[in-house]
Amino acid sequence: MVKRGLLIVAALLLVVAVACQAQTPTPTPVPTKAAEKEATPTPTVAPTETPTPTPKPVEATPTPEAKKERIKIRWFIGLGTGTNPEQQDVQEKVVKAFNESQDEIELVLEVVANDVAYDTLRTEIAGGNPPDIIGPVGIRGTNEFPEIWLPLNDYLKDYDLSDYEATALDAWTRDGNLIGLPIGVYPSFIYYNKDLFDEAGLPYPPHKFGEPYADGDPWTIDKLTEIALKLTVDANGNDATSPDFDPENIVQFGFHFQWTDPRGWATLFGAGNFYKEENGKYVAYVPEHWKEAFRWYYEAMWKKYFAPNGPYIQSDLLAAGNPFNSGNVALAQTHLWYTCCLGDVENWDLAVVPAYNGKYTAKLHTDMIGVYKGTKYPEAAVKALWYLAHNEDLLTVWGAMPPIKSLQEAFFKRLEEKYPGRDWQVAIESLKYIDIPSHEAWMPNFSKADDRVKQFQSEMENTPDLDVDQALEQLVQDLQAIFDEVQK
């Protein structure tokens, strides 16, 4: 009995010990293989569970998205206006404002001095590192790069072009494709010196297209010639219609083509060019109405004397190359940008160009900004282009008449403050009669052809006994040889 009781007590103590051990777990040693064989399973008492508070769900913190990388669009300036320090300050501010206005595009400005800009652009294109936007640049400047422009028609389908002067868009259309957005237009017209008209007792020329001269005669090339002869005066006070007129001592001229070349002269008689395409070949020629223009102007310089020839143009009498501003020229055709250079003659106004064979042609200078055809991001480039082309600060600092009609009133208000009382409507109306093709249009082998045309100009201005028709024949022969160097 005693032995059995002791066994019961021992068993109870064992149970208690096991229970206590389960409530305070201790690390379990890894048994040896021998121990694994000898071990006897021991019943385990489950530990008492202590309630644990359920944690509140933690709201997930959104992972910040990586900042969207902007499309980089480079804007190249240097082929035309835009390189002056005061212009660069404005251009930089406009670029900064554009970049802050949206987060899709980073516009990067690249300004290159004009004397190296053409070579720099060629190098960048050849090296596979071209800019995306190029300009401002005029028609003559684009002739150095005729094939690099992105046709914009498809990219501008969702943009409203109705506020543009239609002819300004026409001036930048090639084979039906708009190659740039015009950012400035400089129409041409007749500047006339009112004091010289008053001294001669002559009425002023017309300010409206289709309006006759004051005597009722149509305002034509012939009428301009008649008036210019009366406004050409020698040192003795004789005008060029007098038999006593002395062509060796002229002190006042009736008419001058101010700061242009032979294609600019001839365009008063109608638009044209020195080449045409026949059977896929470039053919040099002179349009018939241009032949008439060259004969007329040579006669004006050397036989009728109402236009200054080369020696007179460079003389002190005519301000050493700025004839109208000398105050000694009554009528001059040139562009709106000439308001830059009228510091000495004060009493002037604007008149419309005369008609030739019933048609008016007022040659146009215009600047644009375009997109490089190889840009990787044409939509982004066009978006930036549109912003730049409509920025009033840029248009103001570039000094151009806006091709955007809604911006013209402010432009002419600034001009009126500088030159009050002028008839600026003449400039606006002249945009309806622009030259297409432009007198600055491309020619094959352009730089070399253009140099030959300037040689012809020198012959016209400086040769007193020139046979104009023979000189034109030689010009055609030389231009044909120049064109043949790049013939297709």
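Counting from 1, position 199 in the sequence shown corresponds to residue 199 in this note's numbering; the numbering is continuous, with no gaps.
Beta carbons are placed, not taken as given, at the ideal position from N, Cα and C, and that holds for glycine.
DSSP places aspartate 158 outside both helix and strand once states are collapsed to three, so it counts as coil. For the segment 70-156, the continuous alpha helix (DSSP H) assignments of 4+ residues that do not extend past its boundaries occur at 85-101, 114-126, 139-142, in sequence order. Nearest neighbour of asparagine 84 by Cα position, chosen from Asp465, Val397, Glu417, Lys454, turns out to be Val397.
Around the beta-carbon of lysine 383, 16 or more other beta-carbon atoms lie within 10 Å, marking it buried. The continuous alpha helix (DSSP H) containing asparagine 462 extends over residues 446-462.
Minimum Cα-Cα distance from tryptophan 442 among the listed residues Ala97, Glu144, Pro182, Glu86 corresponds to Glu144. For valine 468, the enclosing alpha helix (DSSP H) begins and ends at 468-484. Between the beta-carbon of phenylalanine 189 and that of valine 353 there is about 6 Å, and that keeps the pair under the 8 Å contact cut.
The beta-carbon distance between proline 444 and tyrosine 275, rounded to whole angstroms, is 6 Å. This is short enough to meet the 8 Å contact definition. By the C-beta criterion, the segment 427-434 is judged to be in contact with the segment 357-365, since at least 3 inter-stretch pairs fall below 8 Å. For lysine 96 and leucine 109, the gap between their C-alpha atoms comes out near 10 Å. When the alpha-carbon of leucine 388 is set against those of Leu79, Gln91, Glu86, the nearest one is in Gln91. A direct Cα-to-Cα measurement between leucine 152 and leucine 178 gives close to 5 Å.
Cα atoms of leucine 466 and leucine 150: separation of roughly 45 Å, rounded to the nearest angstrom. Contact check for tryptophan 265 against tyrosine 297 passes: the beta carbons are separated by less than 8 Å. Counting along the chain, glycine 254 sits inside the beta strand (DSSP E) bounded by residues 250-257. Under the 8 Å Cβ criterion, the segment 336-344 does not count as touching the segment 111-131, having fewer than three qualifying pairs. Here DSSP, grouped into helix, strand and coil, assigns proline 205 to coil.
Assigned with DSSP and collapsed to three states, leucine 196 falls in helix. For lysine 281, the enclosing beta strand (DSSP E) covers residues 281-284. Glycine 80 is a Cβ neighbour of glycine 141, given a cutoff of 8 Å. The closest CA to that of phenylalanine 294, considering only Lys194, Leu268, Trp75, Gln314, is found on Leu268.
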